[in-house]
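Just so you know, the protein sequences line up as chains A and B, in that order.
1 is the number of the first residue of the first sequence in UniProt numbering; add one for each residue after it.
1 is the number of the first residue of the second sequence in UniProt numbering; add one for each residue after it.
Yeah, the Cβ is synthetic: ideal placement off N, Cα and C, and Gly gets one too.
These numbers come from a predicted model, not from an experiment.
Protein chains: 2
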Amino acid sequence: MAAKRRRTAQQEHAADVATYVAAGGEESVQRVITALFSVTKKLDQWYVRQFADLDLTQGEWSVLAALARAGDTCLTPSQLADLSNVAPSSMTHRLDKMAGRGLLQRRPDESNRTRTLVSLTTDGWALFSAAVRESNVVESDTLRDLSDTERHELARLLEIVIAGLDDIEA
Amino acid sequence: MAAKRRRTAQQEHAADVATYVAAGGEESVQRVITALFSVTKKLDQWYVRQFADLDLTQGEWSVLAALARAGDTCLTPSQLADLSNVAPSSMTHRLDKMAGRGLLQRRPDESNRTRTLVSLTTDGWALFSAAVRESNVVESDTLRDLSDTERHELARLLEIVIAGLDDIEA
DNA sequence: ATCGAATATTTCGTCATCGAAGTTCGACTT
DNA sequence: AAGTCGAACTTCGATGACGAAATATTCGAT
Numbered sequence: 001m002a003a004k005r006r007r008t009a010q011q012e013h014a015a016d017v018a019t020y021v022a023a024g025g026e027e028s029v030q031r032v033i034t035a036l037f038s039v040t041k042k043l044d045q046w047y048v049r050q051f052a053d054l055d056l057t058q059g060e061w062s063v064l065a066a067l068a069r070a071g072d073t074c075l076t077p078s079q080l081a082d083l084s085n086v087a088p089s090s091m092t093h094r095l096d097k098m099a100g101r102g103l104l105q106r107r108p109d110e111s112n113r114t115r116t117l118v119s120l121t122t123d124g125w126a127l128f129s130a131a132v133r134e135s136n137v138v139e140s141d142t143l144r145d146l147s148d149t150e151r152h153e154l155a156r157l158l159e160i161v162i163a164g165l166d167d168i169e170a
Numbered sequence: 001m002a003a004k005r006r007r008t009a010q011q012e013h014a015a016d017v018a019t020y021v022a023a024g025g026e027e028s029v030q031r032v033i034t035a036l037f038s039v040t041k042k043l044d045q046w047y048v049r050q051f052a053d054l055d056l057t058q059g060e061w062s063v064l065a066a067l068a069r070a071g072d073t074c075l076t077p078s079q080l081a082d083l084s085n086v087a088p089s090s091m092t093h094r095l096d097k098m099a100g101r102g103l104l105q106r107r108p109d110e111s112n113r114t115r116t117l118v119s120l121t122t123d124g125w126a127l128f129s130a131a132v133r134e135s136n137v138v139e140s141d142t143l144r145d146l147s148d149t150e151r152h153e154l155a156r157l158l159e160i161v162i163a164g165l166d167d168i169e170a
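Okay, here's the thing in structure tokens:
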């Protein structure tokens, strides 16, 4: 039962923020960033479990999702490596395995033969869809205490952040 | 210049959400979750770069941060593995390395000699503090388009989510 | 008191990932 | 038109992470 916990997640979170502030972080920044990672960390744990049912690692999922988001457009191994936050050399073996399972296919780019074009197979799309519907369950649970208005507001604020992300690294 | 991009991050994000919804996800859920991971993914990229300056991998950072958040309380390797989202067996070598660098120390627990207690050294605390101040820079940049009121609201909404996290897995 | 189950840590074999070097191809220069 | 530079992908050696088994200690039951 939840009442047995000595410290609630809220108190835990507040203490963590205090630690980062004491070490030199700004309060208004750390409060948001720490909360962000608390949520995604829990989500990551659940993804590992759920994807195991589908014989899918997080690395494979990131490839699957990147290709699905690209829609009809084929992607190159380099692009997939970028989108998956992984070294290009790591993508070779990962694509080998996934192609072996029939999730995707590689074909040479006719217009530029140094490139390889990767696209999802029907099985790949089916697995993507299954994974989305599975993960939507825990994601929905995660947000269950937020009203529709609050979800909308949360999305709006995060989208403001996203809009500014690409201009920062310059 | 930002105007050169064909699709803005906003449009990209909207298209991604549409893909997940088409695959069977709920719109109000996917809009939030997708945005969440967009932000943390970019942050992760920056952390890798910044921590490289301090000779720190993300795995080592998670150990450092967990010990710092624990404050005076010592943690066991198992607890650190849980908090870092890695297998307990992976923690052994990681602690070996960090102890070798003088960042932390291991000592046997007198009251239960199957346990080992890990705590930060002065050097460990110093590195933690340096890392927090470094990462606060990009984190602050990330939130630069949000007003104080908006940051507060964003933190508030995320904290609602956090408060419900522990009751879900049951 | 002793035996058995449970917990905490480490060791070991295997696989994934990384960075660097190698290979092949396209683009640009002269 | 040949040569050089750069880009894309792969191969290779080394490091890190995982799961299963081994070791050591505690707790509970007979």
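Considering only C-alpha positions, which residue in the set the options is nearest to residue i?
i	options	result
A:ALA37	B:PRO108, B:SER62, B:GLU110, B:THR76	Sequence check: residue 37 of chain A is Phe here, not Ala. Answer by Cα proximity: B:SER62.
B:ASP55	B:ASN85, B:ALA14, B:LYS97, B:ILE33	B:LYS97
A:GLY124	A:ALA65, A:TRP46, A:GLN10	A:ALA65
B:LEU80	B:ALA15, B:GLN50, B:LEU117, B:ASP16	B:LEU117
B:ARG133	A:GLU12, A:ARG7, A:VAL29, A:GLY59	A:VAL29
A:SER129	B:LEU95, B:GLY24, B:ARG49	B:GLY24
B:GLU60	B:ARG7, B:SER90, B:ARG115, B:LYS42	B:SER90
B:THR19	A:ALA131, A:ALA22, A:ASP148, A:TYR47	A:ALA131
A:PHE85	B:SER84, B:ALA163, B:GLN45	In the sequence as presented, Phe is not what sits at residue 85 of chain A; that position holds Asn. Of the listed residues, the one whose Cα sits closest to A:ASN85 is B:GLN45.
State yes or no: is the C-beta of residue i within less than 8 Å of the C-beta of residue j?
i	j	result
B:VAL161	A:LEU143	yes
A:GLU27	B:GLU153	no
B:LEU104	B:LEU127	no
A:ALA9	B:ASP166	yes
B:THR34	B:ASP16	yes
B:GLN50	B:SER135	yes
Using only the alpha-carbon positions, how far apart do residue i and residue j sit?
i	j	result
A:ALA52	A:ARG113	36 Å
A:PRO77	A:ARG101	17 Å
A:MET1	B:GLU110	Because A:MET1 sits at a pLDDT of 45, beneath the cut-off of 50, its placement in the model cannot be relied upon, and the point is left open.
B:ARG107	B:ALA14	52 Å
A:GLU12	A:ILE168	31 Å
B:ALA3	B:THR122	Low per-residue confidence applies at B:ALA3: pLDDT is 46, beneath 50, and the placement is therefore not dependable enough to give any value.
B:GLY71	A:ALA68	44 Å
A:THR73	A:ARG31	39 Å
A:ASP148	A:ALA155	11 Å
B:LYS42	A:ALA99	28 Å
A:ARG94	B:ARG115	38 Å
B:VAL21	A:LEU75	21 Å
A:ALA163	A:PRO88	27 Å
A:VAL48	B:ARG7	32 Å
A:THR57	A:THR92	16 Å
A:ASP145	B:ASP145	27 Å
Based on DSSP bridge pairs, tell me the residues matched to residue i.
i	result
A:LEU103	Paired residue(s): none; A:LEU103 is not in a bridge.
A:THR19	In the DSSP output, where bridge partners are listed per residue, A:THR19 has none listed.
B:PRO108	B:THR116
B:LEU75	B:VAL118
To the nearest whole angstrom, what separates the beta carbons of residue i and residue j, a pair I think is in contact under 8 Å?
i	j	result
B:GLU150	A:LEU158	Not a contact, Cβ separation roughly 11 Å.
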